[in-house]
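Structure first, then comments.
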Amino acid sequence: MPEQNLMMLILGAMLMSFGIVLAFISSRWAAAVTFVALVVCSYSGYAEIGGSTLLFWGIAASICVMLDVLLPTAVARSRKGMYHIGGGSLAGAVAGMCVNTVAGIIVGAAFGAFFRAVAYSSTTSGKPMHFPSAKFFNYLAAKGLPLTVVMSMAGLVLLQLLPQQ
1 MPEQNLMMLI LGAMLMSFGI VLAFISSRWA AAVTFVALVV CSYSGYAEIG GSTLLFWGIA
61 ASICVMLDVL LPTAVARSRK GMYHIGGGSL AGAVAGMCVN TVAGIIVGAA FGAFFRAVAY
121 SSTTSGKPMH FPSAKFFNYL AAKGLPLTVV MSMAGLVLLQ LLPQQ
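Using the numbering used here, you'd call the opening residue of the sequence shown number 1 and step up by one each time.
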């Protein structure tokens, strides 16, 4: 039985990695894949994630998918600044793990996405975002929210797996 649990954890980790890659390339299904990975890791027994936490992240992943469906096609498929925003969100989530709380991970991922979007807007290719403008904040919401959700779910599982001191 422990081998089966370990295999579920490995499958969850693979799905989580795939979800993070999908988030960096601005895929509609990144949050959904990452949520499935969260559920698989939860059932493995190695990560203790409660039902209310799973419900919260399921709703958050659903919002991300619906947001992408409702966006204009040009915005939904755009990959401009995704490496900057995604890298900032990932780094922020890791920094938020130092607080050792889920709230720290979420806030860190959100701040990381915001600050890297601001940094991207100061580059030559990011100038059309016109920071601070409505266009900038709309694009940040469209791309930053799914990245924040994906990186937060990944950070939550990682926080559960790391030894606590």
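No residue lacks a Cβ here, since even glycine has one placed at the ideal position from N, Cα and C.
Discussion item. To the nearest angstrom, how far is the alpha carbon of Leu140 from that of Phe114?
Written reply: Roughly 7 angstroms between the two C-alpha positions.
Item to check | Integer-rounded CB distance, given that Ser121 should sit under 8 angstroms from Phe136 | outcome: So it is a contact: roughly 6 angstroms between Cβ atoms.
Just verifying my parser: in three-state terms, what is the DSSP assignment at Glu48? Reduced to three states, the DSSP call for Glu48 is coil.
Worksheet item: In or out: Thr73 buried (at least 16 other Cβ within 10 Å) or exposed?
Response: Exposed, since its Cβ has fewer than 16 Cβ neighbours within 10 Å.
- Residue of Leu9, Tyr83, His130, Phe24 minimising C-alpha distance to Val39: The candidate whose alpha carbon is nearest that of Val39 is Leu9.
| message | Residues in the same chain with beta-carbon distance under 8 angstroms from Trp29, minus the five sequence neighbours each way, listed in chain order, please. | response | Answer for Trp29: Leu22, Val65, listed in chain order.
What does a CB cutoff of less than 6 angstroms around Ala60 pick up in its chain, not counting 5 residues either side in sequence?
Answer for Ala60: Val149, listed in chain order.
Do Tyr46 and Leu161 have their beta-carbon atoms positioned less than 8 angstroms apart in this structure? The Cβ atoms of Leu161 and Tyr46 sit closer than 8 angstroms to each other.
Note to self: For Ala134, count the other beta carbons within 10 Å of its own beta carbon; 16 or more makes it buried, fewer makes it exposed. Which is it?
What the structure shows: By the 10 Å Cβ count, Ala134 comes out exposed.
Margin query: Measuring straight from C-alpha to C-alpha, what distance separates Val107 and Val99?
Written below: Answer to the nearest angstrom: the Cα atoms are 10 angstroms apart.
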